[in-house]
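Asker: Let me begin by handing over the structure; questions about it come next.
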C-alpha cells in the first residue's frame, strides 16, 4: 500500500516501509531491564494502578521519532512513567528524586 | 446492533486519531472496507475508554473476514484477512 490515509504512526499493518525489511524472528534474550519493566507493569496491574489498555495508549502517544528509536521495553517504561505522572500516582519531584538517588 | 455470523458489514471510515488523543483497536487498513462476520467472540469492556481510565461499557467483539486483495492490492483470490473488530465500528453492508 500505503493508502493515502491519516493512520497513526504506530498503526503499521501493511505499511509499505515495513514490507521491505525482513522481520527478525530469531529468539533474543530479555535483559534485566526488560524483566524489571515487565514486573513493574505486572505490579501496577495487580494493584489496579494502571491497565494494559493505558499502557498501550501511552506507547501509542510516544512521538514518532522516539517510538521507532526506543526498544520494546523502553517504550513501556516511557508509557508507564507518563501515565503514572498523569494520574498523580507519582509526582515529577518524586520521580526526579528517585532518579537522582540512582 | 448485533450481527449474526455470515452478515455483510462495513467498517466505519472514521479517523478519530485525527481529532485528538485516542486508543483504538481498529487497524487503519480495514476502515471503510466491506467484510463478513465470522463469529461473535464475546463482550468486553471498551478498550477505547479503559485506555483513559474512563468507565467502559461492554461491547461485542467480532471476528470479521476480508478479501486480502481488496485491502492490500496483493495476494491471490481467496486469500483472506481476519480482524477482531468491536461492534461500534461496524455497520450493515
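Protein chains in written order, with the numbering used here: chain A, 5 to 106; chain B, 18 to 110.
Positions of the beta carbon are idealized from the N, C-alpha and C atoms, including for glycine.
Bridge partners of residue 57 of chain B, per DSSP?
Answerer: Here residue 57 of chain B refers to the residue found at position 40 of the second chain. Its beta-bridge partners are B:79.
Asker: In terms of residue numbering, what span does the beta strand (DSSP E) encompassing residue 107 of chain B cover?
Answerer: Indexing the second chain from 1 puts residue 107 of chain B at position 90. From DSSP, the beta strand (DSSP E) with residue 107 of chain B extends over 107–109.
Asker: For the ligand NAD, is there a heavy atom less than 7 Å away from the beta-carbon of residue 35 of chain A?
Answerer: Among the components of this structure there are no ligands whatsoever, and the ligand NAD is therefore not found.
Asker: Hey, does residue 51 of chain A have any beta-carbon neighbour from chain B nearer than 8 Å?
Answerer: Counting from 1 along the first chain, the entry for residue 51 of chain A is found at position 47. By this cut-off, residue 51 of chain A is not an interface position.
Asker: Report the rounded CA-to-CA distance for residue 82 of chain B versus residue 100 of chain A, giving the unit in angstroms.
Answerer: Taking the second chain and counting its residues from 1, one reaches residue 82 of chain B at position 65. Taking the first chain and counting its residues from 1, one reaches residue 100 of chain A at position 96. Cα to Cα, residue 82 of chain B sits roughly 49 Å from residue 100 of chain A.
Asker: Which residues, taken in chain order from the stretch 53–79 of chain B, show a beta carbon closer than 8 Å to some beta carbon of chain A?
Answerer: Listed by position, the residues of the stretch 53–79 of chain B near chain A (Cβ gap below 8 Å) are 64, 67, 68, 69 and 70.
Asker: Output the distance between the C-alpha atoms of residue 55 of chain B and residue 69 of chain B, rounded to the nearest integer angstrom.
Answerer: One-based indexing of the second chain puts residue 55 of chain B at position 38. One-based indexing of the second chain puts residue 69 of chain B at position 52. Each residue's Cα considered, the two are about 30 Å apart.
Asker: Step through the CB atoms of chain B and report whether any lies within less than 8 Å of the CB of residue 17 of chain A.
Answerer: Mapped onto the first chain, residue 17 of chain A falls at position 13. Closer than 8 Å: yes.
Asker: Return the chain-ordered ranges of every alpha helix (DSSP H) run that is complete within the stretch 9–41 of chain A and spans a minimum of 4 residues.
Answerer: Whole alpha helix (DSSP H) segments, 4+ residues: 20–23.
Asker: What residues in its chain sit with their C-beta under 8 Å from that of residue 5 of chain A, if we drop five residues either side in the sequence?
Answerer: Translated into the one-based positions of the first chain, residue 5 of chain A becomes position 1. Residue placement at residue 5 of chain A cannot be trusted, given a pLDDT of 46 that sits under 50; what the coordinates show is reported in the next sentence. Contacts found: 18, 19 and 20.
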